[in-house]
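Residue numbers (the working numbering): 27 to 280.
Working notes for the structure below.
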Amino acid sequence: VVGVFVGGGFPPRHDGRRWMAAMLMTAVLFPGSCFAIAFVLNTIAIFYRSLAAVPIGYIVLVLVLWIFLSVPLCLVGTLLGRHCHRSGSDFPCRVKRIPSPIPAAPWFLRRQTIVLAGGLLPFGSILIEMYFVFMSVWNYKVYYVYGLLLFAFVILLCVTACMAVVGTYFMLNAEDYRWPWAAFGMGASTSIYVMMYTVHYFIFRTKMTGFFQTCFYFGYSSMLSIGLALTCGAVGYLAAAAFVRAIYRNVKCD
């Protein structure tokens, strides 16, 4: 409900009408991706007659809860978000109807470079904790410093927000106004480095062999990366949006 409440308020504030598409993306994108990965892994587990296999009845139950509970709640949250933000655009200054031409920028100020660079520092802030978490999950070590894990997660969110603000500032200085998706990408790109680390950990830190173990390792790692990408991407966009509104609210512009 909270996610679609926030997402449902974006189309009215941006003079958009694609609120239905935003609602469906919120309701389907992450749960659907995780369900598809889990379904494939469960099918493999059934084929190998593993104890990790979940009965089909439980899968159907989860699917029914998703369709008849999660999706209606998404609709309710979207309608509430549209109702609370029906006043329209909240931009602090006028916006041109015709987009201005974007001048050519050096390679280090291009969107692709900024997006990829934006995930390096957030990834570095959780690298050590990732090692111990992976040791606990895949190498059966005991992990008990949950307070430190929470602290690392808070640092990750703070660093992600700061990197998104800095990257957005560089883009605006280069007269590139296409910052919204770039800000989201700067946060989401952290998951690219996390996925690369999972490959490194699989090759050099584990003794897993065979199709079954490989599928489960990368399946769960993919779900982790997708969730991390959406979380950090949302934080990056919200921080950049607050920054853009703050600077344009305090400058004189036509």
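Ideal Cβ placement from N, Cα and C applies to all residues, glycine included.
When DSSP states are grouped into helix, strand and coil, M212 belongs to the helix group.
Annotation: T235 to F242 spans about 11 angstroms, alpha carbon to alpha carbon. Proximity of the stretch 154 to 166 to the stretch 94 to 109 falls short of the contact definition, fewer than three beta-carbon pairs being nearer than 8 angstroms.
For L95, no alpha helix (DSSP H) segment is defined, and its DSSP state is neither H nor E.
Within its own chain, the residues whose Cβ lies closer than 6 angstroms to the Cβ of A53, once the five positions on either side in sequence are excluded, are V97, C100, listed in chain order. V185 is positioned such that its CB atom lies no closer than 8 angstroms to that of A266. The beta carbon of F269 lies closer than 7 angstroms to those of V191, T194 in the same chain, with the five residues before and after it left out. If you ignore the 5 residues before and after G145, its C-beta comes within less than 7 angstroms of the C-beta of M212, S215, T216, I218, Y219, all in its own chain and listed in chain order. Annotation: the continuous alpha helix (DSSP H) that includes L175 extends over 172 to 199. Look at M234 here: in three-state DSSP terms it is coil, with no helix or strand label.
G150 sits exposed, since fewer than 16 C-beta atoms from the chains shown fall within 10 Å of its C-beta. Rounded to the nearest whole angstrom, the CA to CA distance from W133 to D202 is 13 angstroms. Here T224 is not near N165, since their CB atoms are 8 angstroms or more apart. Under the three-state reduction of DSSP output, A53 falls in the helix class. One Cα belongs to R204, the other to Q138, and the distance between them is close to 12 angstroms. Under the three-state reduction of DSSP, P148 is assigned to helix. Secondary structure at A260: helix, using DSSP grouped into helix, strand and coil.
The residue from L91, S251, F210 with its alpha-carbon nearest to that of A143 is F210. I72 carries a helical assignment under DSSP once its states are collapsed to helix, strand and coil. In this structure, A208 sits near V141, with a CB-CB distance shorter than 8 angstroms. Judged by beta-carbon spacing, F61 lies beyond the 8 angstroms limit of L256, meaning their Cβ atoms are not closer than that value. In the displayed model, V88 falls within a helix according to three-state DSSP.
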